[in-house]
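This report concerns only the one structure given below.
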Amino acid sequence: MIKFIDLTYQYPLSDQKALNQVNFEIPPGTLTLVTGASGSGKSTLLRCINGLVPHFTGGVISGQVRVFGSNPIAEGVETIAKKVGFVFQEPESQFVFDTVEDELAFSLENQGIPRNEMDRRIQEVLHMVNLSHLRHKNINEISGGEQQKVAIASALVAQPKVLILDEPTSQLDPRSADEVLKFILELKTRLNLTVLISEHRLERLLPFADLLMNMDTDQGVLFGEPQEILPKMVQVPPVIEIARRLSLSPLPLTPEAFPRSKSVTAAQSRQVEQTQLIGETEVCLAIENLSTRLGDQHVLKGINLAVHQGEILVLMGPNGAGKTTLLRSILKMVPCSGKITLSGVDVSKMQFAEVIQNIAYLPQNPNDLLFAESVCDELKITLKNHNLAETSVDLNEFLAYFGLTDKCDQYPRDLSVGERQRTALAAITVHDPRIIFLDEPTRGLDYQTKQALSDLFHQWRKAGKAMLLVTHDVEFAAHIADRVAILEAGQLIFTGSPATAFTDFPAYQTQTAKIFPGKGWITPENLIKT
Amino acid sequence: MMNAFVWTLWLLAGLIFLLSTRNPIYLIITLAGLFILGNRLAKAKHISAWVRSNLRFLLTMLLLSTLINGLFSHAGETVLFTIPPSWPLIGGNITLESLAYGAVNGLVIGALYILFNIINLALSIKQITRLIPRAFHPIAMMVTIALTFFPSIQRRAREIKEAQMIRGNPMKKISDWLPILIPLLVTSLENAFLLAESMTARGFHKQVDLRTPRNLISLILGAFAVFSGWILQLYRYPAWITIVLYLIGGGLILLTLILIGKQTKITRYHHEGWTRLDILMSSVILVYLISFAYVSLADRLSTLSYSPYPYISIPVVQTLGVLFCLLPVFPMVLPRYD
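Chains A and B are the protein sequences, given in the same order.
With the working numbering applied, the first sequence has no gaps in its numbers, which climb one by one up to 535 at the end.
With the working numbering applied, the second sequence has no gaps in its numbers, which climb one by one up to 1614 at the end.
Take a look at the structure:
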């Protein structure tokens, strides 16, 4: 059992409490879903369970924590490590060694487990997670989903009673995410594990959660069964939102649990209007028969795609399908064959500087872009790089557009995740490019931050910008896409309306589409109660 | 695959030989052997162009060392040309002898580099760190992580560079690289913090305290004995006194480290057994080391040293010397690692 009694914690050099009088009790063998906005204290709370807080972080702590009879605050992390396995958000950042086998042995070596026992446990856990064939593989050579499984196996090999996972699926495509989640649930049942998962995208995990914990800055920590907590939450997954609109009680947690008898009809179909609009606008970017080879691998094969002015084209596909390579090929960062034209001009005849003046690119890690002393300096540097005068843009007005009005003089890396994301977006678009490429812009963002981002993208669309957006986030994509392209194994298997993409392809079906099959509705906004 | 300790012994013997000789013929024979061995190991690991990249380094070293010595050392009698003496530092005669001496030094530097490169090919990161005594477990971990992190830092640097180029940074001047250094430094620090957190969560902690009074006293005494032996050697005291001090000091340090190592609860997953071939190989290398020490001290191998000054001459070669050059071929008698 995990028990928190009046736990209060404050980070060193902080004047605010990260956790304030937190009380809860988690029974053994349950799955608790921990949710809440970025910065609400989810990670801090999880780290209290294995003693990383306060032993690793420092700070002031009061109250009590009990984990299966142990006291992490008094006993320290190394003792609790035998009982609590912790899987961090980015698996690649937590690996110590370069091979799967060595990585699994690490925690056992620290515990002084004899060699024969280590060998037995490693064999057992690899068999359990179906990774026996990867035992001697280099970790850098396996897929993202496999890396996540290795991270979980590394935690399980110590035979813990509690398994904590900090956003385990944030970097995975829907298929791999489902696979990893199924696998966690299987392990939970088989080993009677007590599992705590922190996650922003509730829709995936809600059906399997025995308990729900919502960390809210206004209401404090809400803890209880999902049916009890969900009505009190502001940001909820589409299935709950629809159920609330239809005043259903009890709330169905999955599309499958939704009562079929409810009569609903479509709201004004945004998709239809948009598709008509796009048909009339100019083609900004045209790709004909594009193929890319990286080493011996044929990453992209015969891609044909067009992006229109004022359009948000969402590119989806499994990890390793070639999505990022497509963006890089267009930007002339990877050699490719075929024809790419920017408003009719052949890109192969353009200088690199000319291409990037027209196309802005937000990479997967926006932190890669930020290095200046202040937010405004970031913008000025981009202007300078493009030989534009600092006075050519009213920076304060421009920052207001991104909701960063009072952040001009702030150090970018001190900002919140969402603000940093918007600063990076401002830095790449201040020279007014016509096309914007966005690679996984919602990774690790909470509902509110995603909403702010979605509003910004809609404003850009109204301003006539064309956007090519790569994402695994199906619900977000359904909210903003004008058109969807699906890439698999280097080939475009679909280009068309969001209504078709998010209803006809099971891997990309939204919750709304699952609730109302055959209707072509993909977001809660597509329907109204009749 | 040869045991890591045997490879270390091989490295030690190689280092001693290379640092003891300046005979270019011995060096060239050793280098040829090193290239053959390195190429064999690289092929087994599917590493292409190993010979080419090492040859490039060797030639660069050869050229640089020859030029630097030629320009700064003006000794030797065969004057090729003269730089006006008024030129600071490099002014004076450029002699064939100084160029030859520089070239010999270049061969030594190149051979040392290739020797370490072969160890890098032969042993995995974990095998190398396992050679560090258990008492220094945190240091061994630090070395492992540093070596494992290098490729990921390279990858991050490439990603950040691309991100900055896309932002319009032309990457032409040195100042253009600042946008890469800062994000790279910050993300490396962030990753280091994450890794430390992950290691702590998986039970990694300081197992023993090296700084207990007992450990400190014996380590300081050991170091003091070694240092005293060195000072006495410098002042040409009888050799037996310095040898005794070295043995006492070294033994004390080693014993302390072994005792500290035994206190650690850490176990090791990989076990490197000693095969018959390992025992044979280490015996051969030990015989090599003892014989080399004997012939060097008894002055039976005068051709090890070679000096082109004051007049350049053709180096003399002894059969015994050529036999000592065969060190690189020792590991080749083993079955190939693949």
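No residue lacks a Cβ here, since even glycine has one placed at the ideal position from N, Cα and C.
If you're wondering where the values come from, they're calculated on a predicted model, not measured in any experiment.
query = Could you give the C-beta distance for residue 1450 of chain B and residue 1498 of chain B, rounded to a whole number, given that I count them as a contact under 8 Å?
reply = That belief does not hold up - the Cβ atoms of residue 1450 of chain B and residue 1498 of chain B are roughly 47 Å apart, past 8 Å.
ask   = For residue 219 of chain A, which beta-bridge partners are listed by DSSP?
value = A:40, A:227
task = Give every residue of the same chain whose Cβ lies closer than 8 Å to the Cβ of residue 1504 of chain B, excluding the five residues on either side of it in the sequence, and list them in chain order.
result = 1521, 1525
task = Pick helix, strand or coil for residue 276 of chain A, following the three-state DSSP scheme.
result = Interpretation of residue 276 of chain A is limited by its pLDDT of 46, a score under 50 that renders its predicted location unreliable; no figure is taken from the coordinates.
inquiry  = Does the CB of residue 1445 of chain B have a neighbour CB from chain A at under 8 Å?
reply    = yes
inquiry  = Using 8 Å as the threshold, is the C-beta distance between residue 339 of chain A and residue 346 of chain A below it?
reply    = no
query = In this structure, what does DSSP give as the bridge partners for residue 156 of chain A?
reply = Answer is none; residue 156 of chain A lacks a bridge partner.
Cα-Cα separation between residue 559 of chain A and residue 153 of chain A, rounded to whole angstroms = This structure leaves residue 559 of chain A out entirely; chain A is present only between 6 and 535.
key: Contacts of residue 368 of chain A in chain B (Cβ-Cβ under 8 Å)   = 1435, 1438, 1439, 1442
message = Runs of 4 residues minimum, wholly inside the stretch 1350 to 1385 of chain B: which ones carry the alpha helix (DSSP H) assignment?
response = none
inquiry  = Is there a C-beta anywhere in chain A that falls below 8 Å from the one on residue 1534 of chain B?
reply    = no
inquiry  = In chain order, what are the residue ranges of uninterrupted alpha helix (DSSP H) at least 4 long that sit wholly in the stretch 398 to 459 of chain A?
reply    = 400 to 406, 422 to 434
message = Given this structure, state the Cα-to-Cα distance separating residue 14 of chain A from residue 221 of chain A, to the nearest angstrom.
response = 16 Å
query = Excluding sequence positions up to five away, which residues of its chain have a Cβ less than 8 Å from the Cβ of residue 34 of chain A?
reply = 193, 197, 198, 199
task = Flag residue 373 of chain A as yes if its beta-carbon sits less than 8 Å from any beta-carbon of chain B, otherwise no.
result = yes
task = State yes or no: is the beta carbon of residue 1321 of chain B nearer than 8 Å to at least one beta carbon in chain C?
result = No chain C is part of this structure, whose protein chains are labelled A and B.
request  = Per DSSP, which residues does residue 476 of chain A bridge with? Please list them.
outcome  = Beta-bridge pairing links residue 476 of chain A to no other residue.
inquiry  = Please confirm whether residue 1480 of chain B has its beta-carbon closer than 8 Å to some beta-carbon of chain A.
reply    = yes
message = Please tell me whether residue 488 of chain A has its Cβ less than 8 Å away from any Cβ of chain B.
response = no
message = For residue 403 of chain A, which residues in the same chain have their Cβ closer than 8 Å to its Cβ, ignoring the five residues on either side in sequence?
response = 384, 431, 435
message = Could you check whether the Cβ of residue 1467 of chain B sits closer than 8 Å to any Cβ belonging to chain A?
response = yes
key: Outcome for residue 1595 of chain B when other beta-carbon atoms lying within 10 angstroms are tallied against a minimum of 16   = exposed
task = Please go through the same chain and pick out, in chain order, the residues whose beta-carbon is closer than 7 Å to the beta-carbon of residue 1279 of chain B, but skip the five residues on each side of it.
result = 1548, 1550, 1554
ask   = Near residue 386 of chain A, which residues of its chain fall below 8 Å by C-beta distance, leaving aside the five closest residues on each side in sequence?
value = 377, 432
request  = Taking all protein chains shown into account, decide if residue 309 of chain A is buried (16 or more other Cβ within 10 angstroms of its Cβ) or exposed.
outcome  = exposed
ask   = From the beta carbon of residue 1293 of chain B, is the nearest beta carbon of chain A less than 8 Å away?
value = no
task = Compute the distance between the beta-carbons of residue 311 of chain A and residue 291 of chain A, then report whether it is under 8 Å.
result = yes
ask   = In chain A, which residues lie with their C-beta within 7 Å of the C-beta of residue 1455 of chain B?
value = 376
request  = With a floor of 3 residues, list each beta strand (DSSP E) that falls wholly inside the stretch 1482 to 1541 of chain B, ordered by position along the chain.
outcome  = none
key: Sheet register partners of residue 341 of chain A (DSSP bridge)   = A:297
Listed by chain order, chain B residues near residue 99 of chain A by CB distance under 7 Å = 1470, 1471, 1474
Interface partners of residue 1462 of chain B on chain A, CB under 9 Å = 372, 375, 376, 418
ask   = Going by the CB atoms, is the gap between residue 98 of chain A and residue 448 of chain A shorter than 8 Å?
value = no
message = Are there any heavy atoms of the ligand GDP lying less than 7 Å away from the beta-carbon of residue 1453 of chain B, as far as the coordinates show?
response = Absence of the ligand GDP from the depicted structure is noted, as is the absence of any ligand whatsoever, leaving it without description.
Where residue 281 of chain A falls: helix, strand or coil (DSSP) = Note on residue 281 of chain A: pLDDT 48, under 50, position unreliable in the model; the coordinate value appears next. In the structure shown, residue 281 of chain A sits in a helix (DSSP, three-state: H, G or I).
task = Could you name the residues of the same chain whose beta carbon sits closer than 7 Å to that of residue 158 of chain A, not counting the 5 residues immediately before and after it, in chain order?
result = 109, 130, 131, 134, 136
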